[in-house]
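Undergrad:
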Amino acid sequence: MSISEERRTEVREQDNTYNIVVVTRTDVDRAEPTPRVMITLEAGGPGGEPVAEGSLDLDVEVAATVADLVSDGLLSVTGAGRPQRRRSAGRPAQQGRPWSEEMDAELENRWIAGESVAQIAAYFERTPGGIRARLPRVGCDPEHPGCYLPVPPSRRTDPDGGEAS
């Protein structure tokens, strides 16, 4: 079984239309699930004629490096030079990147051990808002440090609040 997330973007620049699809997937059936990223780009000119097409299939861990290399290479052949980066200098390095199962487990362990949102954000190189948003996905209550989310009433089987089996 694979878990995937897909993002599609269409951009019109001058007379061209660019379509980019980025798919992240993890094959959870494998002994060591390795997240992958598949990037597909197609671009058409004003009459729909193809002006660009291609795809890359990468380990998620090298995606940022490959993006920089491709960007630098394209900018060097066009003579355009490197534009100002959109990412501000103060933006955490891992902000917006996918989470792995190991990272989720570490997030849960740190939260339950009582670490603050700020400490966890610094450890993962992410924003405090990103940490607070991720906590419910691992079953932790972002409003109560060190606590799990309660079991919803629809999943309870006994009056003491025990979980359904």
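Per the numbering used here, the very first residue in the sequence shown carries number 1; after that it's consecutive.
Glycine residues also receive a C-beta, built at the ideal position from the N, C-alpha and C atoms.
Source: prediction; values computed, not measured.
Can you have a look at residue 134 and say buried or exposed, based on whether 16 or more other CB atoms are within 10 angstroms of its CB?
TA: Looking at its Cβ environment, which holds 16 or more other Cβ atoms inside 10 Å, residue 134 is buried.
Undergrad: Any idea which residues DSSP pairs residue 37 with across the strands?
TA: 24, 58
Undergrad: Distance, Cα to Cα, residue 165 vs residue 156?
TA: With a pLDDT of 49 at residue 165, under the threshold of 50, the modelled position of this residue cannot be trusted, and the question is left open.
Undergrad: In whole angstroms, give me the CA-to-CA distance for residue 41 and residue 7.
TA: 12 Å
Undergrad: Do you know how far the Cα of residue 137 is from the Cα of residue 104?
TA: Going by the C-alpha atoms only, they are around 8 Å apart.
Undergrad: Alpha carbon to alpha carbon, how far is residue 168 from residue 11?
TA: The structure shown does not extend to residue 168, since the chain spans only 1 to 165, so no value can be given for it.
Undergrad: For a test of the three-state rule: what should DSSP assign to residue 132, helix, strand or coil?
TA: In this structure, DSSP gives residue 132 a helical state, which the three-state scheme calls helix.
Undergrad: So which of 129, 130, 150 has the shortest CA-CA distance to residue 139?
TA: 150
Undergrad: Could you tell me the boundaries of the alpha helix (DSSP H) in which residue 78 lies?
TA: In the DSSP assignment, residue 78 falls within the alpha helix (DSSP H) that extends over 63-78.
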